[in-house]
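Down below is the structure, laid out as structure tokens.
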Amino acid sequence: MSGTEPAARPGAAELERAFGDPWDPANPVGHAATVAADERDEVVAGGERLLDAYGLGAEFVPVELGGRLDRLDRLVEVVRTVFRRDPALGLGYGAASFIAAVNVWSSGNDDQRRRLADLLLGGGRVATLYHELEHGNDLAGAAFAARPQADGTLRLHGHKEVVSNAERAEAMVVFARTSDAPGSRSHTQLLLEKDGLPADRYRYRPRFPSVGMRGVRLGGIEFDDCPVGPETVVGRLGQGVENAFRSFQITRTALPAMATPILDTGLRTTLRFVRSRRLYGGHAGDLPLVRRTVAEAFTDLLICDAVATTGTRAVHLLPGTTALYSSAVKYLVSKRLMDAMDRLSVVMGAHFYLREGEFAIFQKQLRDLQVVGFGHAARVVCLSTVLPQLPGAARRAARAGGAPPLLSRIGAPLPPLDFGRLALAATGPDELAAVPARMAEELAGSTDHRALA
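Just so you know, we're using the working numbering here: the sequence shown kicks off at 32 and counts up by one.
Below is the structure:
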């Protein structure tokens, strides 16, 4: 498919119908098949074929390049359908490529954007090579090197680990040190296509086993004096940290939002379980403690959905403050999701860890959800990003006019997704911070809600 041809516009409803009834044991992409594949450390094969037929890669490509990506909230809605069935399929097949691609959409040149768009529209994958185990989330400490040469080429040395689809991806976005000098200008991003690399200059490291997302192929890659051309540089030399921080504003917002249906599946499984159990002469679901736990988990789901929806729409409407909102979304949503699932596991009792039977999907979703808390960016990293920005946000809130009306209107029109407007740190007024004060003023003047004010 050409990068300039318009793509068809199927959506979440079509994808949901294609997945079918998750509780049907004969469904090749139902819960039973998903759990069986997870026991083999795989994603269900039928799920990948289904997403190939749907053309999920087009969801990650901007419309101007022939894809369907024009609204972040719409993308989240589509990918949620996959996470609801199998988070490992959602991450391994799709979201992992999205994490890498955002760097190119925001900072790459026209040729890089076109090539990557064609790859994704054709069903290919792209991996992100950020992490080195010895440096964790410390990007500035990354030692993997791309050493500039006199002729303008670079030579790659070192290894990257915990890479989704390390072997399966046809392309990679690599975060590499290009200078030994300290500071934020010592690293660069590179867009590499494997068919352009000498095969004897890189090799794969063994797959990493994991407790959650077991179907995601987490591996590593090691390079030994591998030459690459100057055309692989994304943005400019030394711009890698800046590129990454800009893309994080999109991914830290979108990935937790995509993961909220894990709790939805946990709730549905718990309800199915308690309705089938009888205790003390009645249904387990009639017990006050069970009812309260389920109600609280449902409330948490609504809160997570509201926070995530506001965050995804803010990327369009308030890009100047997305640096603050995105980290807040990642921290708050992932924590509430995990806490709610933990409480539901108490209701499930001994069934919460059973790996076979009707309710085995619960233990898989519970394990997979843990990755949301630390995968891509740890919650503590997001919290450390938010805290230094709070004093400035509080000062600017005084001159804020309040959140745009369209921010909370689900489905309402949005301006185009403009990566160039994303600021590295929140600079504009914190419009959301002004909302509580404005609501208090409105409630104080209302005779119906004076007690709430």
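Heads up, the beta-carbon is just placed ideally off N, CA and C, and yes, glycines get one too.
Note that this is a predicted model, so its numbers are computed, not measured.
Less than 8 Å separating the beta-carbons of LEU147 and ALA171? Numbered from 1 along the sequence shown, position 116 holds the residue referred to as residue 147. Numbered from 1 along the sequence shown, position 140 holds the residue referred to as residue 171. When the beta-carbon positions are compared, LEU147 and ALA171 stay at least 8 Å from each other.
Beta-carbon proximity check, ALA127 vs PHE206, cutoff 8 Å: On the sequence shown, residue 127 is found 96 positions in, with the first residue counted as 1. On the sequence shown, residue 206 is found 175 positions in, with the first residue counted as 1. No. Outside cutoff.
Kindly list the residues whose CB is nearer than 6 Å to the CB of ALA409, restricted to its own chain and excluding five residues on each side of it in sequence; keep chain order. What you label residue 409 is simply residue 378 of the sequence shown in a count that begins at 1. Here the set comprises ASN168.
GLN396: which of SER376, LEU453 and ASP55 sits nearest, CA to CA? Taking the first residue of the sequence shown as 1, we reach residue 396 at position 365. In terms of CA proximity to GLN396, SER376 leads the group SER376, LEU453 and ASP55.
Return the chain-ordered list of same chain residues with a C-beta closer than 8 Å to the C-beta of VAL242, the five sequence neighbours on each side being excluded. On the sequence shown, position 211 is the one that residue 242 refers to. Cβ within range, chain order: ARG398 and GLN401.
Considering only residues of the stretch 35-108, which uninterrupted beta strand (DSSP E) runs meet the minimum length of 3 residues and lie entirely inside it, listed in chain order? Taken in chain order, the stretch 35-108 contains no complete beta strand (DSSP E) segment of 3 residues or longer.
Leaving out five residues before and five after PRO59 in sequence, what residues of the same chain have Cβ atoms less than 6 Å from its Cβ? Counted from its first residue, the sequence shown places residue 59 at position 28. Excluding sequence neighbours, PRO59 sits near GLY77.
Ignore the nearest five residues each way along the sequence and tell me which others in GLY34's own chain have a CB closer than 6 Å to its CB. For the purposes of this step, residue 34 is taken as residue 3 along the sequence shown, with counting starting at 1. Confidence at GLY34 is low in this model, with a pLDDT of 43, below 50, so the placement of that residue should be treated as unreliable; the coordinate-derived value is given next. The beta carbon of GLY34 sits closer than 6 Å to the beta carbons of LEU96, GLY97, ARG145, ALA148 and ASP149 from its chain, once the five residues preceding and following it are set aside; these are given in chain order.
Assign VAL200 to one of three DSSP states: helix, strand, or coil. Mapped onto the sequence shown, residue 200 falls at position 169. Per the sequence shown, the amino acid found at residue 200 is Ala instead of Val. Note: ALA200 maps to coil in three-state DSSP.
Check this for me: beta carbons of ARG156 and GLU201, under 8 Å apart or not? Against the sequence shown, residue 156 aligns to sequence position 125. Against the sequence shown, residue 201 aligns to sequence position 170. With respect to the 8 Å criterion, ARG156 and GLU201 are classified as neighbours on the basis of their beta carbons.
Please classify SER365 as buried or exposed, where buried requires at least 16 neighbouring CB atoms within 10 angstroms. Reading the sequence shown from its first residue, position 334 is the one you call residue 365. It counts as buried.
Under 8 Å, do GLY316 and ARG322 count as touching if we go by C-beta distance? For this step, residue 316 is matched to residue 285 along the sequence shown. For this step, residue 322 is matched to residue 291 along the sequence shown. In contact: GLY316 and ARG322 (Cβ atoms closer than 8 Å).
Rank GLN280, ARG277, PHE383 and HIS218 by C-alpha distance to the C-alpha of LEU298 and give the top, closest one. What you label residue 298 is simply residue 267 of the sequence shown in a count that begins at 1. The shortest C-alpha to C-alpha distance from LEU298 to any of GLN280, ARG277, PHE383 and HIS218 is the one to PHE383.
To which residues does DSSP link PRO179 through a beta bridge? Reading the sequence shown from its first residue, position 148 is the one you call residue 179. LEU185.
Proximity below 8 Å, CB of MET244 to CB of LEU106: Start at 1 with the first residue of the sequence shown, and residue 244 comes out as number 213. Start at 1 with the first residue of the sequence shown, and residue 106 comes out as number 75. Cβ distance not < 8 Å, so MET244 and LEU106 don't count as in contact.
Where does SER241 fall in DSSP's three states? Taking the sequence shown and counting its residues from 1, one reaches residue 241 at position 210. Of the three classes helix, strand and coil, the one that applies to SER241 here is coil, per DSSP.
Kindly list the residues whose CB is nearer than 6 Å to the CB of GLY61, restricted to its own chain and excluding five residues on each side of it in sequence; keep chain order. The residue given as residue 61 occupies position 30 in the sequence shown. Within the same chain, PRO53 and ASP55 come within 6 Å of GLY61 by CB-CB distance, once the 5 residues on both sides are set aside.
Look at the alpha carbon of ALA174 and the alpha carbon of ARG208, and state the distance between them as a whole number of angstroms. In the sequence shown, the residue the question calls residue 174 occupies position 143. In the sequence shown, the residue the question calls residue 208 occupies position 177. Computed Cα separation, rounded: 6 Å.
Limits of the unbroken beta strand (DSSP E) element including ILE441: Against the sequence shown, residue 441 aligns to sequence position 410. Here ILE441 belongs to no beta strand (DSSP E), and DSSP marks it neither H nor E.
Top-ranked residue by Cα proximity to VAL109, from SER358, GLY227, MET289 and GLY183: Counting from one through the sequence shown, the residue named residue 109 turns up at place 78. By alpha-carbon distance to VAL109, the top candidate from SER358, GLY227, MET289 and GLY183 is MET289.
Cβ-based neighbour list, VAL75, same chain, cut-off 6 Å, excluding 5 preceding and 5 following: Sequence index remark: in the sequence shown, residue 75 carries index 44 (1-based). Closer than 6 Å at Cβ, skipping near neighbours: VAL60, ALA64, THR65 and ALA68.
If you draw a straight line from the C-alpha of LEU310 to the C-alpha of GLN394, how long is it? Position 279 of the sequence shown holds residue 310. Position 363 of the sequence shown holds residue 394. So the two alpha carbons sit approximately 23 Å from each other.
Please list, in chain order, all residues of the same chain as LEU103 whose beta carbon is under 8 Å from its beta carbon, the five residues on each side excluded. Counting from 1 along the sequence shown, the entry for residue 103 is found at position 72. Excluding positions up to five away in sequence, the list reads ILE281, THR284, ALA285, THR343, ARG344, VAL346, HIS347 and LEU448.
Alpha-carbon to alpha-carbon, LEU355 and ALA424: Within the sequence shown, the letter at position 393 stands for residue 424. Within the sequence shown, the letter at position 324 stands for residue 355. Distance from the CA atom of ALA424 to the CA atom of LEU355, rounded to whole angstroms, is 9 Å.
Look at the Cβ atom of ASN134, then the Cβ atom of VAL194, and state whether they are nearer than 8 Å. Mapped onto the sequence shown, residue 134 falls at position 103. Mapped onto the sequence shown, residue 194 falls at position 163. Taking a C-beta distance under 8 Å as the contact criterion, ASN134 and VAL194 do not qualify as a contact pair.
What does the alpha-carbon distance come out to for the pair ALA49 and GLY260? Counting from one through the sequence shown, the residue named residue 49 turns up at place 18. Counting from one through the sequence shown, the residue named residue 260 turns up at place 229. Rounded to the nearest whole angstrom, the C-alpha separation of ALA49 and GLY260 is 43 Å.
Comparing C-alpha positions only, which one of ARG367, THR330 and PHE239 sits nearest to LEU164? Position 133 of the sequence shown holds residue 164. If we check each option's Cα against that of LEU164, PHE239 comes out closest.
In whole angstroms, what is the alpha-carbon distance linking GLN180 and MET369? Counted from its first residue, the sequence shown places residue 180 at position 149. Counted from its first residue, the sequence shown places residue 369 at position 338. Per the coordinates, the alpha-carbon of GLN180 lies some 47 Å from the alpha-carbon of MET369.
Would you mind working out which of THR340, ALA177 and SER307 sits nearest LEU222, comparing C-alpha positions? On the sequence shown, position 191 is the one that residue 222 refers to. Considering only THR340, ALA177 and SER307, the residue with the shortest C-alpha distance to LEU222 is ALA177.
Please state if the CB of LEU151 and the CB of VAL92 are separated by a distance shorter than 8 Å. As a first step, residue 92 must be located in the sequence shown, where it is residue number 61. As a first step, residue 151 must be located in the sequence shown, where it is residue number 120. VAL92 places its beta carbon less than 8 Å from that of LEU151.
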